[in-house]
Amino acid sequence: MGHCFPPLRGQDSAFFRLNRARHNATFSALAAEGLQDVGQPRILFLLGEEDEDGALPSQQELAQRLRVSPATIANSLSSLERMGYVVRQSDLVDRRKKRIAITEKGRDARRRCIDVFKRVDEQLYAGFSPDELEQLEGFYLRMLHNMEAIGGRAEHCSRACPKGAAEREVTTP
């Protein structure tokens with residue numbers, strides 16, 4: 507006997523709609539906080555962690571850690587630099603290589619972005635009991651395992667999500 511799966515309706519699937527709603531809510535909340543110009547909060551999240559560790563990543567290292575193309579990271583960094591969130595510094599050993607550092611303005615924006623993400627996630631999970639949240643987490647992990655079994659790549663948030671963000675957080679808007 508075959509399995510009965512919920513109907514998938516492309517962009518109308520509940521999973522897709524939930525992801526879009528969370529994405530839109532996050533960007534609306536960022537805009538309400540005056541952070542619409544941040545663009546890629548994940549970059550600030552990573553740079554803030556690197557700054558705490560004392561190691562400044564290069565543009566290439568950022569692209570690898572965030573799993574985006576070097577061109578994408580270059581565009582994002584140019585925008586963040588124009589807005590005063592990051593600065594590029596020459597590498598002490600290889601002057602051709604630029605290291606990326608977060609500025610004080612960037613640290614402040616990072617803290618505020620983390621607060622926004624927490625508030626959005628609190629609203630996302632509002633009304634769920636601890637048992638329901640645990641069960642939901644189990645479903646997510648089972649789906650993740652199912653995808654890994656057929657070659658899906660899991661992204662752990664330890665390098666791309668801010669410290670203190672919800673543990674469930676694996677994607678950003």
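Residue numbers (my numbering): 507 to 679. Even for Gly, the Cβ is constructed at its ideal location relative to N, Cα and C.
Would you check if the distance between the CB atom of E539 and the CB atom of R616 is smaller than 7 Å?
Cβ distance not < 7 Å, so E539 and R616 don't count as in contact.
Rounding to the nearest angstrom, what Cα-Cα distance links L550 and E640 in this structure?
Their backbone Cα atoms lie some 30 Å apart in a straight line.
Using only the alpha-carbon positions, how far apart do S584 and S596 sit?
Spanning the two alpha carbons is a distance of roughly 16 Å.
For A561, does the three-state DSSP call read helix, strand or coil?
Of the three classes helix, strand and coil, the one that applies to A561 here is coil, per DSSP.
Among A520, P547 and E555, which has the Cα closest to the Cα of F623?
The candidate whose alpha carbon is nearest that of F623 is P547.
Determine the extent of the beta strand (DSSP E) in which K604 is found, giving its start and end residues.
Residues K604 to I608.
So for S582, helix, strand or coil by DSSP?
S582 falls in the helix class under three-state DSSP.
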